[in-house]
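Worksheet: the structure to be examined is printed underneath.
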Amino acid sequence: MSKMTAYEDLQARGLIAQVTNEKEISNMINQGKAIFYIGFDPTADSLHVGHFMALCLMKRLQLSGNRPIVLLGGGTGMIGDPSGKSDMRKMLTAEDIDHNIACFKKQMSNFIDFGEGKAIMVNNADWLMSLNYVELLREVGPHFSVNRMLSAECYKQRMEKGLSFLEFNYMIMQSYDFYMLFQKYGCNMQFGGDDQWSNMLGGTELIRRKLGEDAHAMTITLLLNSEGKKMGKTESGAVWLDPEKTTPFEFFQYWRNVSDADVIKCIKLLTFIPIEEIQKMEVWEGSELNQAKEILAYELTKMVHGDEEADKAKEASHALFSTGTAVDMPTYVLTAEDIADGKTDILTILHASGLVPSKSEGRRAIQQGGVSIGDEKVTDVYLSFDVNTLKTEPIIVKRGKKNFRKIEA
RNA sequence: GGAUGGAUUCCCGAGUGGCCAAAGGGGGCAGACUGUAAAUCUGUUAGCAGCGCUUUCGAAGGUUCGAAUCCUUCUCCAUCCA
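Last residue of the first sequence: 394 (my numbering), numbering continuous.
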């Protein structure tokens, strides 16, 4: 059997959602002739899983000889992309954007090799911020049909709730980016999330109309779970790549806990495990699939946080769910505020350590049998602890099955 | 610019003077069952020094013994007309 081409591998993994011209794109990619860009708007101070997937795609293509351009949205971030969103985002200040860009840069360099001639990083603020309104309108305005823009899928939700002129212009900015990159760097392809499709087509159209040349676009499958929701989000927010915002252990657990229906898909989309090996896992059923989850969690943690952290997270996870103890686990050290007369109580501990958002919830959790210390269920809401005892013997407090904290004094 | 309708707790949405910390659903959390999955069933879902108190129905004032509910002003949103 001949080796899979780079493009076939992407296909087999299910990474490709839509393409403008499959034949040309696959040829370019397979021959390492693509100079492609992916845009990242600096909407937060850390990258998240969606970005990670895009960066991995960059890496995959970089490995097969193609040249990536990372485009940071210093300019487009000032506008805000309405695609697929039901509400307008909070507008970011210029300072926020600068800060976020700095954070992005740092994290990205862990994944992508920006060495000589390998990959480049640019910021669209460099050309967007100095645009002159009337000039721009005359330059690109005639090439966009408002009727067609409005019918674009990405605005669908906003047509019901309201779309501001500011955001409406996002598509033009993104199209302009592609147009600029095409001229400056010979960038002939754009990648992005599938929700970017219409924005990306705007760019290829603009290039064709202005320059009479062909440029291509390809979108990456959005990482959705079996219920059709975006993955990489938890109740408390996104799963971040920054260890300060999402600890390696939390990161590991997030993937360890994906549902059966999603494991294989995630392994395909997110890891670099060869497709042949993944195919072997696909036949796994029932509790066997549980192993796949651990592989997924381990691989991703390793890629994002390194071998050492991945091992630690895996160990902690094992220890906690088999024996209920772990060496390396989230720890909370009691502060003076938590102690009164050399004592403290269970509600204070739960609340102060962040296991529950309020003491009322802590009380409820106890009453419902959801709190335990070690293996013992807590039944007394007023259970109190001697601080001196805690100093010598730290305790492990659990809320539910998956939330726990080691408490030290 | 004009007309009309609207803003309720995490979300949707009921509530038109006291019985309202506010129905119902969704989501979340916890328990049972399991495989750290899903489905299902049960409980729970403002805060606090628990049986009571404090803060909540877009914002600010007012009427009233008593307001999510009535009045005034303001802000924002939607639809229709220009």
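For each residue, glycine too, the CB sits at the ideal point set by N, CA and C.
Specify, as a first and last residue, the run of the beta strand (DSSP E) that residue i falls within.
| i | result |
| --- | --- |
| Asp371 | 369 to 371 |
| Ile380 | 380 to 384 |
| Ala202 | 201 to 205 |
| Val55 | 52 to 57 |
| Met174 | 174 to 178 |
Anyone know if the C-beta pair for residue i and residue j falls short of 8 Å?
| i | j | result |
| --- | --- | --- |
| Trp240 | Leu191 | no |
| Gln3 | Trp182 | yes |
| Asn184 | Cys139 | yes |
| Leu335 | Gly347 | yes |
| Val268 | Gly327 | no |
| Ile205 | Leu42 | yes |
| Met216 | Leu209 | yes |
| Phe176 | Ile392 | no |
| Gly60 | Arg74 | no |
| Tyr283 | Lys299 | yes |
| Gly390 | Val356 | Here residue 390 turns out to be Arg, not Gly, going by the sequence shown. No, the pair does not count as a contact, with Cβ atoms beyond the cut-off. |
| Gly188 | Gln168 | no |
| Gly17 | Ser49 | yes |
| Met38 | Leu285 | no |
Would you grab the beta carbon distance between residue i and residue j for me? Rounded to a whole angstrom, and I think it's under 8 Å.
| i | j | result |
| --- | --- | --- |
| Asp323 | Thr316 | The Cβ separation is near 14 Å, so there is no contact. |
| Val55 | Met93 | 6 Å |
| Ile97 | Pro53 | 7 Å |
| Leu57 | Phe89 | 6 Å |
| Val363 | Ile351 | 5 Å |
| Met20 | Tyr170 | A quick correction: the sequence has Ile, not Met, at residue 20. That pair is a contact at about 6 Å. |
Under the three-state reduction of DSSP, which class applies to residue i: helix, strand or coil?
| i | result |
| --- | --- |
| Met(-14) | At Met(-14), the pLDDT of 45 sits below 50, so the modelled position is not reliable and the matter cannot be decided from this model. |
| Ser357 | strand |
| Gly24 | strand |
| Met165 | helix |
| Gln(-4) | helix |
| Leu32 | coil |
| Thr219 | strand |
| Met156 | helix |
| Gly188 | helix |
| Thr374 | helix |
| Gln16 | coil |
| Phe99 | coil |
| Val4 | strand |
| Ala104 | coil |
| Asp330 | strand |
| Arg74 | coil |
| Leu209 | strand |
| Trp269 | coil |
| Val318 | strand |
| Gly347 | helix |
| Ile252 | helix |
Which residue marks the beginning of the alpha helix (DSSP H) containing residue i, and which one marks its end?
| i | result |
| --- | --- |
| Glu120 | 118 to 125 |
| His290 | 274 to 290 |
| Asn85 | 79 to 93 |
| Glu235 | 233 to 241 |
Counting pairs of beta carbons, one from the stretch 284 to 301 and one from the stretch 225 to 240, are three or more of them closer than 8 Å? yes
Hey, is the stretch -7 to 3 in contact with the stretch 18 to 28, meaning 3+ C-beta pairs nearer than 8 Å? no
At least three beta-carbon pairs within less than 8 Å, the stretch 245 to 260 to the stretch 293 to 309: no
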